[in-house]
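To keep things clear, I will list the structure first and then write my remarks on it.
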Amino acid sequence: MDATMADAPIPLTEAFLDALRGKLGDRVDASATTRAVYSTDASNYRIVPGAVLMPRAKEDVITAVGIAREHGVPVTVRGGGTSCAGNAVGPGLVIDFSRSMNRVLSVDPDAATAVVEPGAVLSTLQQEALPHGLRFGPDPSTATRCTVGGMIGNNACGPHGLSYGRTADNVVSMTWLTGSGEVITAGSGPEALHAVPGLDAFVAEHLAVLRTEFGRFGRQISGYSLEHLLPENGRNLAAALTGTEGSCGVLLEATVRLVPQAPAPALAVLGYADMATAADDVPHLLPFRPLALEGLDAQLVDVVRRAHGDAAVPTLPEGGGWLIAEVGGATSAEAVEAARALVAASHAADGVVLPAGPEATRLWQIRADGAGLAGRTADGKQAWPGWEDSAVPPERLGGYLRGLQALMAEKGLSGLAYGHFGDGCVHARIDFPLDAGGAPMRDFLERAAALAAEHGGSLSGEHGDGRARSELLPTMYGPEALRAMEAFKALLDPDDVMNPGVVVRPAPLDADLRRPGARRLRASDGFAFAHDGGDVTDAVHRCVGVGKCRADLRGQGGFMCPSYTATRDEKDSTRGRARALQEMLNGGFVSEGWSSPEVHEALDLCLSCKACANDCPTGIDMATFKSEALHQTYKGRRRPLSHYTLGRLPQWLRLLAPVASLVNLAGRVPVLRRTMMTLMGADSRRSLPPLPARPFRWSGARKAAVARADGPKVLLWVDSFSDALAPDIPRDAVEVLTAAGCDVEIAAPGACCGLTLISTGQLTAAKAKLRATVDLLLPHVRAGRTVIGIEPSCTATLRSDLVELLPDDPGAAELAGAVKTVAEFLVSIDWTPPKTAEHLLVQPHCHHYAVMGYEADRSLLRSMGCDVEVSAGCCGLAGNFGMEKGHYEVSGKIAQDGILARATAAPDRRILADGYSCRTQVQDLAGLESRHLVQVIAEALRGDRRD
Numbered sequence: 024m025d026a027t028m029a030d031a032p033i034p035l036t037e038a039f040l041d042a043l044r045g046k047l048g049d050r051v052d053a054s055a056t057t058r059a060v061y062s063t064d065a066s067n068y069r070i071v072p073g074a075v076l077m078p079r080a081k082e083d084v085i086t087a088v089g090i091a092r093e094h095g096v097p098v099t100v101r102g103g104g105t106s107c108a109g110n111a112v113g114p115g116l117v118i119d120f121s122r123s124m125n126r127v128l129s130v131d132p133d134a135a136t137a138v139v140e141p142g143a144v145l146s147t148l149q150q151e152a153l154p155h156g157l158r159f160g161p162d163p164s165t166a167t168r169c170t171v172g173g174m175i176g177n178n179a180c181g182p183h184g185l186s187y188g189r190t191a192d193n194v195v196s197m198t199w200l201t202g203s204g205e206v207i208t209a210g211s212g213p214e215a216l217h218a219v220p221g222l223d224a225f226v227a228e229h230l231a232v233l234r235t236e237f238g239r240f241g242r243q244i245s246g247y248s249l250e251h252l253l254p255e256n257g258r259n260l261a262a263a264l265t266g267t268e269g270s271c272g273v274l275l276e277a278t279v280r281l282v283p284q285a286p287a288p289a290l291a292v293l294g295y296a297d298m299a300t301a302a303d304d305v306p307h308l309l310p311f312r313p314l315a316l317e318g319l320d321a322q323l324v325d326v327v328r329r330a331h332g333d334a335a336v337p338t339l340p341e342g343g344g345w346l347i348a349e350v351g352g353a354t355s356a357e358a359v360e361a362a363r364a365l366v367a368a369s370h371a372a373d374g375v376v377l378p379a380g381p382e383a384t385r386l387w388q389i390r391a392d393g394a395g396l397a398g399r400t401a402d403g404k405q406a407w408p409g410w411e412d413s414a415v416p417p418e419r420l421g422g423y424l425r426g427l428q429a430l431m432a433e434k435g436l437s438g439l440a441y442g443h444f445g446d447g448c449v450h451a452r453i454d455f456p457l458d459a460g461g462a463p464m465r466d467f468l469e470r471a472a473a474l475a476a477e478h479g480g481s482l483s484g485e486h487g488d489g490r491a492r493s494e495l496l497p498t499m500y501g502p503e504a505l506r507a508m509e510a511f512k513a514l515l516d517p518d519d520v521m522n523p524g525v526v527v528r529p530a531p532l533d534a535d536l537r538r539p540g541a542r543r544l545r546a547s548d549g550f551a552f553a554h555d556g557g558d559v560t561d562a563v564h565r566c567v568g569v570g571k572c573r574a575d576l577r578g579q580g581g582f583m584c585p586s587y588t589a590t591r592d593e594k595d596s597t598r599g600r601a602r603a604l605q606e607m608l609n610g611g612f613v614s615e616g617w618s619s620p621e622v623h624e625a626l627d628l629c630l631s632c633k634a635c636a637n638d639c640p641t642g643i644d645m646a647t648f649k650s651e652a653l654h655q656t657y658k659g660r661r662r663p664l665s666h667y668t669l670g671r672l673p674q675w676l677r678l679l680a681p682v683a684s685l686v687n688l689a690g691r692v693p694v695l696r697r698t699m700m701t702l703m704g705a706d707s708r709r710s711l712p713p714l715p716a717r718p719f720r721w722s723g724a725r726k727a728a729v730a731r732a733d734g735p736k737v738l739l740w741v742d743s744f745s746d747a748l749a750p751d752i753p754r755d756a757v758e759v760l761t762a763a764g765c766d767v768e769i770a771a772p773g774a775c776c777g778l779t780l781i782s783t784g785q786l787t788a789a790k791a792k793l794r795a796t797v798d799l800l801l802p803h804v805r806a807g808r809t810v811i812g813i814e815p816s817c818t819a820t821l822r823s824d825l826v827e828l829l830p831d832d833p834g835a836a837e838l839a840g841a842v843k844t845v846a847e848f849l850v851s852i853d854w855t856p857p858k859t860a861e862h863l864l865v866q867p868h869c870h871h872y873a874v875m876g877y878e879a880d881r882s883l884l885r886s887m888g889c890d891v892e893v894s895a896g897c898c899g900l901a902g903n904f905g906m907e908k909g910h911y912e913v914s915g916k917i918a919q920d921g922i923l924a925r926a927t928a929a930p931d932r933r934i935l936a937d938g939y940s941c942r943t944q945v946q947d948l949a950g951l952e953s954r955h956l957v958q959v960i961a962e963a964l965r966g967d968r969r970d
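Just so we're on the same page, this note's numbering is the position in the sequence shown counted from 1, plus 23.
If you want it as structure tokens, here you go:
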């Protein structure tokens, strides 16, 4: 399919846009950047909308749909944008409910119900229900960002659909806007069908087909679930509208049913030779009535091990595939006993029971990240949705999986399987060669649909059909059933305004595919993009839209994505930025390559924190893309002022050191400080960091380093920030390493990681700096010394960016492998640190968290006896980001919602922040003092000596 077809949305006349803006003002956005980031969801499809509406109230939606209908403009509704089948993209007006219409309006614990707006995120509903001992039953893996409206649109289920049913089974009533403009109440009961004129007659006319072709098994989600309209099923219009994928109207409000929380579930993890063998055992386990029964391919867990190490994976039984059974009980002991009974009754080769706790949580997280983890096959190829949600009756699952594996082998394809095996639902992303076009995918999907039908199955088990599978509905439904679905839509949306091309009168499944239209872009003179074989296009398409970056996971220890948590704007999420870059590669209306204004607008508020490289299951690293974009845009051209000042800060610090007292004096005079900050391209509200009287390199400490022939050999690398802005820290580092019995040598001045050059995209200069640094430090490594970094961002640069920028230099990889943080080194040697009973609030630097991980620091602090509370998430300064003009408000909000809120809540805790940025932020915004880890240890050492 010619990619340019997606570049031409349904013509939105000026009259339409004028009418829309006249009524709804700034809630309507037709900018190129917004259209770019809404051009796709979590599917393979790309359709550029004409405009996006962020409604604030029901009346906004009613007004917008009415204007769209009058002007013949199609309407697509969108929640979290995590639809895998192309359900949430469309060519006309896209309505995003997640921005403002996202409230849980009420929870009634007596009735066990809640009233929600369509954009309410599922995890928010769960938090509101939890104090009452309740929860919403269905729980997709995207629960932290999917909306209840989206779940109703797709009839989502999740792992606990096995015990609590589908979303359709948990909706009490809905306020619904039809495509023809009527607002109705959709409920159940004898009078429910009267809400839609002609619906009673429709049911009477189609009784036979509704009873024979619909609702044949629990996960028959494909098509419309018209069986709910039958008298014997309660004439449930609310359930019938659930799963219509936005093609029959718009949800305005929903009352949903809540269920009791399971008090203390345990996990029975069962190992099998392969996934099909695991599936064979499902019918034997269902009589135990597990709360959830999930399947997980061992290769998915291997992806986690490769990315995050063995510590990220809990104890698992031997096998090539696992079943994970969650078993309930009145107490933890009772649940564990029930789980052991299930293991004993299974046909598994091996089994492990995990009580509720950290290991069970880690395993659930791996399962929840399945869609992202499966975005690469076992051999590293890109894998795609399309056939990611099929379902068959559970007793047919083993045979179906064998048939699916045989079909993939026949077509030369592969994919990693996981899913809700207790319900017969299989999720698998498959390495269709979409870069070459859609024909191989079409061929496979047609064959796979026939296979699922042979097993009495459904094309979709919870994701809906969307643009991926609607064309295939004749495979599982006869002509009369298809006509019934068309007639049902006509009653609610006679003008086909709502999400046309989905379910009824479907678009071709290989139309409007995103990947075939992307031009091939190879790495050149910037980053190597080595994890993607030097293919920038593949690297950008790591983002498959799972949207984890839209979830605020700070409470669970996550750091991604600080800008989105501050603005709640899709363009400021990792996914939104990836979409803008993907549009750049498609070259439709984002047409100026790396220099495109839309690309730079999307990247502007990226803090380059690298959290996405760790927290996103796809491993996409937006900091790298921002740096590459700045490099390619400005090489050989005049740059923004801050690139010459903040981007070259180490050079300026060396020049200013002799006049430090004068600089500090100017910084204390408000008018001079503001003038200096403005001349730097920095925000004038920022303070000017004080310069020390003497940098570390002037102190003579290098000559005073202690050489111990019998101790571990280390090279203390004093970075530019520690040297010129915080010289007490390297002095304390020498004291600590000496106390640990090390043979300490201090690196000669001049070893610079080029971090500020990298973050401002001055990659040619950064490479020169890094080559010089390799030349300076590598001889010490070859002499047997471990390089110890002090500043975490600089340490992370040598661990990660160094090899990406100098991929052909074997010395770069050798040096990167020899660099450690202070904590990593100290926990690796035989040394007992001093004891201290400090209560600490720790702000890990984002790069520390993303590249090195913070577990070594936690372990060291625990061994010292410290009481540690960690503030997850970015501090908001992020090097030059928070200093630059235009970033102050976002930087401040990130801090206020994160580290400063934690500091206010725990005033008795002293702040530990290894990053110079983090220490600067808390001082500048709140006047709070903070210390580096080596300062905490050094103070404890001195206390021991005094004692």
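Glycine residues also receive a C-beta, built at the ideal position from the N, C-alpha and C atoms.
- Closest in C-alpha terms to Leu604, from the list Arg543, Gly487, Val273, comes Arg543.
- In the three-state reduction of the DSSP assignment, Trp721 falls in the helix class, which pools H, G and I.
- In this structure, Leu40 and Ala55 do not form a Cβ contact; the two beta carbons are roughly 14 Å apart against a cut-off of 8 Å.
- The beta carbons of Gly272 and Gly202 sit closer together than 8 Å.
- By the neighbour-count criterion, in which a residue is buried when 16 or more other Cβ atoms sit within 10 angstroms of its Cβ, His955 is buried.
- Exclusion of the five residues before and after Lys633 leaves Asp644, Ala646, Cys869, His870, Ala873, Val874 as the residues of its chain whose Cβ lies within less than 7 Å of its Cβ.
- Distance from the CA atom of Pro753 to the CA atom of Leu676, rounded to whole angstroms, is 17 Å.
- Looking at the DSSP output, Val130 sits in a beta bridge with Ala137.
- Taking the Cα positions, Gly784 is about 16 Å away from Cys817.
- In the structure shown, Val520 falls within a coil segment according to DSSP collapsed to helix, strand and coil.
- Boundaries of the alpha helix (DSSP H) harbouring Trp387: 381-391, taken from the DSSP string.
- DSSP, read as helix, strand or coil, puts Trp854 in coil.
- Taking a C-beta distance under 8 Å as the contact criterion, Gly773 and Ala791 do not qualify as a contact pair.
- Using a Cβ distance threshold of 8 Å, Ala451 and Glu411 count as a contacting pair.
- In the DSSP annotation of this structure, Arg671 is not part of any alpha helix (DSSP H), being labelled neither H nor E.
- Rounded to whole angstroms, the separation of the alpha carbons of Gln866 and Arg881 is 12 Å.
- With the rule of 3 Cβ pairs closer than 8 Å, the stretch 901-909 does not count as touching the stretch 836-853.
- Comparing alpha carbon positions, the residue from Asp518, Arg470, Arg506 closest to Leu495 is Arg470.
- Taking 8 Å as the cut-off, the beta carbon of Glu615 is found no closer than this to the beta carbon of Ala59.
- Thr300 and Lys434 have their C-alpha atoms spaced approximately 22 Å apart.
- Its Cα nearest to that of Leu786, the residue Gly549 stands out among Glu255, Gly549, Ile813.
- As for any alpha helix (DSSP H) of minimum length 4 sitting wholly inside the stretch 825-883, the runs are 825-828, 833-839, 845-851, ordered along the chain.
- Taking all protein chains in view, the Cβ of Glu892 is surrounded by fewer than 16 other Cβ atoms within 10 Å, so the residue is classified as exposed.
- Thr198 has Thr208, Glu276 as its beta-bridge partners, per DSSP.
- Excluding its 5 nearest sequence neighbours in each direction, Asp706 has C-beta neighbours in its own chain below 6 Å: Lys908, Tyr911, listed in chain order.
- Assigned with DSSP and collapsed to three states, Leu711 falls in coil, not helix or strand.
- The continuous stretches of beta strand (DSSP E) do not include Thr590, which lies in the alpha helix (DSSP H) extending over residues 585-590.
- Gly570 sits close to Gly104, with the two beta carbons spaced by under 8 Å.
- Look at the stretch 768-835 and you find these whole runs of beta strand (DSSP E), each 3 residues long or longer: 809-812.
- Bounds of the beta strand (DSSP E) holding Asp320 are 315-320.
- Rounded to whole angstroms, Val279 and Arg158 show a C-alpha spacing of 10 Å.
- DSSP places Tyr187 in the helix class (H, G or I) of the three-state scheme.
- CA-CA distance, Ile175 to Ala513, rounds to 20 Å.
- In summary, Gln150 is exposed, with fewer than 16 beta-carbon neighbours lying within 10 Å of its beta-carbon over all protein chains present.
- Measuring C-alpha to C-alpha distances from Ala191 to each of Val324, Ala179, Pro286, Tyr667 identifies Ala179 as the nearest.
- Distance check between Leu714 and each of Trp740, Ala277, Asp746, Arg731 places Asp746 closest, using alpha-carbon atoms only.
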